[in-house]
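Student:
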Amino acid sequence: MSAPQIPDNASVRAAALRAAIEQHNHAYYVLDAPTINDAEYDCLFRELQELETQYPALYTSDSPTGRVGAPPLSKFLPYTHRQPMRSLNNAFNTAEVHAFDERVRDRLEAAGIISSGARVGYAVEPKFDGLAVNLCYERGVFVAGATRGDGTIGETVTANLRTIRSVPLRLLLNNAPALLEVRGEVLMRKQEFLHLNAAQHAAGKKLFANPRNAAAGSLRQLDSRVSAKRPLFFCAYGVGEGGNALACDTHASQLAWLRQAGFAIASQSTVVNGEVELLEAYQKIASMRDELPCEIDGVVYKVNDLAAQRALGYVSRAPRFAIAHKFPAEEARTRVLDIEVQVGRTGAITPVARLQPVFVGGVTVSSATLHNEGELRRKDVRIGDKVRVRRAGDVIPEVCAVLLDERPAGAPPFVMPVHCPECGSPVEKGPEEAVARCSGAMICPAQLRETLLHFASRRAMDIEGLGERLVGQLVEHGMALSPADLYRLHMSQLAGLERMGETSAKKVLTAITASKHRELARFVYALGIRDVGEATARDLARRYGSIEALRLADCESLQKTPDVGPVVAQSVYRFFHEPHTSGALDALLAVGVSPTGAPASDGAALPLVGKQLVLTGTLPHLTRNDAKALIESAGGKTTGSVSTKTDYVVVGADAGSKLETARQLGLTIIDEAGLYELLHTDAPPASGG
DNA sequence: GGGCCTCGAGATCA
DNA sequence: CTCGAGGCCC
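Numbering (the numbering used here), first residue to last: 696 to 1384.
Here it is in structure tokens:
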């Protein structure tokens, strides 16, 4: 079956329609100045759709017809940002802004970039409350987009981003670099959020809590046709890879370039000089906050001069040249219904206020940690008190203060329990310690539950299916008194538990058995040694190579591990010499847990594990066999035909029907370069290798 | 911490 | 249908 011949006039017409439609999209969705009425727009759109249906080969990835969504994905694939997406440090008051400006001036003076006493030029823009994404343009065409993820690797949500009308599918400037990353925020306007919720309500569906969550939820749909119906908006605020090629020397000129290229840019963006003007700009934006179409949670300041930015550089994950000046957290008043104490994995006793649910900062808060006894005393929170609550750093709910004049008469001060509420063991607190701890160790059901959960968690032994609910039941029924007991569980024991049918039981037992051979670093982390987190566990595993060697180490030796000082060394030494903990370790080894000496995988070792790939066409540098070998050495499989189980289709020149099938199934299609990207290796030099 | 999406499987009812 | 679990976002 051969494709119909495409007449020249059809491809010319299709290109013209695409350009026209995108021009109108830009006018309508970015400039907010429609150039055509809906009927006329629909007419153009339908004509293009018909052309593309008649001649499928005419379809291009930058066609606006793709904006209606594509067939659902089975999952989002990881996406490695070419330049990491960093986060910003925060300033919560003017003193912190002052300190920021001072640091910037000192460094720039020292670098000879500004003279003493000179004011620094800053680009100022509102900080929109949405989701950061990265858009990748190749030769001016939108080819991929991803969420921020951990800053290095995010999730590919290209199909969903394509449905956002304010994301240009093709840049309007033709001087775009071969590869350009555009960073910005996916948002939902307040008004459109209200409309969406009204529609959700009318359809009897769940309401979204706030515009940010609605935007995030919309972007995480596997079916981009759902995303297409959500009123999302994209606002660009910067560039990543390829930024240097724009020949801009300031941040403001980069934004201007982006605007010319077809992106929406925050219209409140300005450039100011020095700290005083920064704060004026902040006040101005703050005063407009309620009238702005989108929610903002602060103002971002960036050193405007790019050379100065480079000179300032980065500290750990955040740039030194920028800061987010956050608005004060919204506060609300509510009642303390109860004060509970929670027992953590290490026995730490944490008082938690149960609150009359209250909507604050976009979410419903019903509990807030009171941290520890000292904090609780200082604030003197009592049951029945009316309190002011807020979300600290816009995340964790916090009781800021008690409204004393509304305290119910006779409300007694809260006293920390002297016995653990879960196991009755004495609560102990060292003179220097801030936190009180239950001394019950593994006798305490709470500590045991948390220990088991930590042991099974994804970053530790990664036992899938062993969640809160199951662990709770295991502890309650005395089926697990230590992690080692997990490996002695039987079908017959699990069978009686709630929501535990044969299938689930089998799965979890298989997962438990499979966890016997985890990398040493995971095992060391899973043990839950005080002061040993993931990073330290990795360092210890690397230095000692086996659990036997590690447990024999003395404090002096331990301290030769990177970032391990006397305190951590002491904790590790203690763990291996205390009869309790040492015994639990022996028990684990006895039931057959045998950590492998290999270093913890950082995810880069075998990037294609469990992936199915199909090769089609002729790749530029690799023979079919070479490509197959590469894929297999990375843990992936290759198959001959395309199906819904296929993860990637690698296309080369003269690809045939497989490519067409892959398109219809909405599969991820990559080329040879894309394959190398998946493999996390560089492409070989052009002349073989 | 709270909200969101997705999946699989158990619970429930026709 | 609901629930638990896992994962991701700020």
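All C-beta atoms, glycine included, are put in the ideal place defined by N, C-alpha and C.
1) List the endpoints of the continuous alpha helix (DSSP H) containing Met-1186.
2) How many Å lie between Thr-945 and Arg-1154 at the Cα?
3) On the criterion of 16 or more Cβ atoms from any shown chain inside 10 Å, does Arg-907 qualify as buried, or is it exposed?
4) Quick one: Cα of Leu-1247 to Cα of Val-1166, how far?
5) Assuming Arg-1083 and Arg-1028 form a contact by the criterion Cβ under 8 angstroms, report the distance between their Cβ atoms to the nearest whole angstrom.
6) Confirm, please, whether the CB-CB distance from Glu-820 to Lys-995 is below 8 angstroms.
7) Around the C-beta of Thr-1205, are 16 or more other C-beta atoms found within 10 angstroms, so that it is buried, or is it exposed?
8) Considering only C-alpha positions, which residue in the set Ile-1078, Leu-1169, Pro-1046 is nearest to Glu-1070?
9) Rounded to the nearest angstrom, what separates Tyr-750 and Gln-744 at their Cα positions?
10) Beta-carbon separation of Tyr-817 and Leu-973 under 8 angstroms?
11) Which value, in whole angstroms, describes the spacing of the CA atoms of Ile-1207 and Gly-1162?
12) Just the C-alpha distance for Asp-1297 and Ala-1216, rounded to the nearest angstrom, thanks.
13) Which of helix, strand or coil does DSSP assign to Tyr-750?
14) What does the alpha-carbon distance come out to for the pair Gly-1119 and Val-1090?
15) Return helix, strand or coil for Cys-1250, following the three-state DSSP convention.
16) Pick helix, strand or coil for Ile-1091, following the three-state DSSP scheme.
17) Kindly indicate which three-state DSSP category Thr-730 falls into: helix, strand or coil?
18) Under 8 angstroms between the Cβ atoms of Val-838 and Leu-914?
19) On the three-state DSSP scale, how would you describe Ala-1299?
20) Looking at the structure shown, is Cys-989 part of a helix, part of a strand, or coil, going by DSSP?
21) From the DSSP output, in three-state form, read off Phe-1016 for me.
22) Could you name the residues that DSSP lists as bridge partners for Glu-1035?
23) Skipping 5 residues on each side, what residues in its chain have a beta carbon closer than 6 angstroms to that of Asn-1067?
24) Using CA atoms only, rank isn't needed, just tell me which of Leu-1098, Val-1267, Leu-753, Leu-1283 is closest to Arg-1213.
25) Looking at Glu-833: is its Cβ nearer than 8 angstroms to the Cβ of Leu-874?
26) So, for Ala-1295: in the same chain, excluding its five sequence neighbours on each side, which residues have a beta-carbon less than 7 angstroms away from its beta-carbon?
27) Between the Cα of Ala-894 and the Cα atoms of Leu-864, Val-877, Arg-925, Gly-879, which residue gives the shortest distance?
28) Quick test of the definition: if touching needs 3 or more C-beta pairs under 8 angstroms, does the segment 859–867 touch the segment 944–961?
29) Phe-903 by DSSP, collapsed to three states: which one?
30) Which of the three DSSP states, helix, strand or coil, is assigned to Glu-1273?
31) Please return the same chain residues whose Cβ sits closer than 7 angstroms to the Cβ of Ala-911, not counting the five positions on each side in sequence.
32) Can you tell me where the beta strand (DSSP E) with Thr-1064 in it begins and where it stops?
33) Can you tell me whether His-1275 is buried or exposed? The criterion is at least 16 other CB atoms within 10 Å of its CB, across all chains shown.
34) Using C-beta distances below 8 angstroms, list every residue in its chain close to Ile-1138, excluding the 5 sequence neighbours before and after it, in chain order.
35) Give me the DSSP bridge partner(s) of Arg-878.
36) Hey, is the segment 969–984 in contact with the segment 880–893, meaning 3+ C-beta pairs nearer than 8 angstroms?
Tutor: With the structure as the only source:
1) 1186–1190
2) 41 angstroms
3) buried
4) 32 angstroms
5) 6 angstroms
6) Note that residue 995 is Val in the sequence shown here, rather than Lys. Yes, the Cβ-Cβ distance between Val-995 and Glu-820 is below 8 angstroms.
7) exposed
8) Pro-1046
9) 10 angstroms
10) yes
11) 12 angstroms
12) Confidence is the limiting factor: at Asp-1297 the pLDDT is only 42, short of 50, which leaves the residue's position unreliable and the question unanswerable from this model.
13) coil
14) 33 angstroms
15) helix
16) strand
17) coil
18) no
19) Residue placement at Ala-1299 cannot be trusted, given a pLDDT of 41 that sits under 50; what the coordinates show is reported in the next sentence. Coil at Ala-1299, not helix or strand.
20) coil
21) coil
22) Val-1047
23) Ala-1129, Val-1130
24) Leu-1283
25) yes
26) With a pLDDT of 42 at Ala-1295, under the threshold of 50, the predicted position of this residue should be treated as unreliable, and no value is reported.
27) Arg-925
28) yes
29) coil
30) coil
31) Leu-826
32) 1058–1064
33) exposed
34) Cys-1118, Ser-1120
35) Asn-829, Gly-933
36) no
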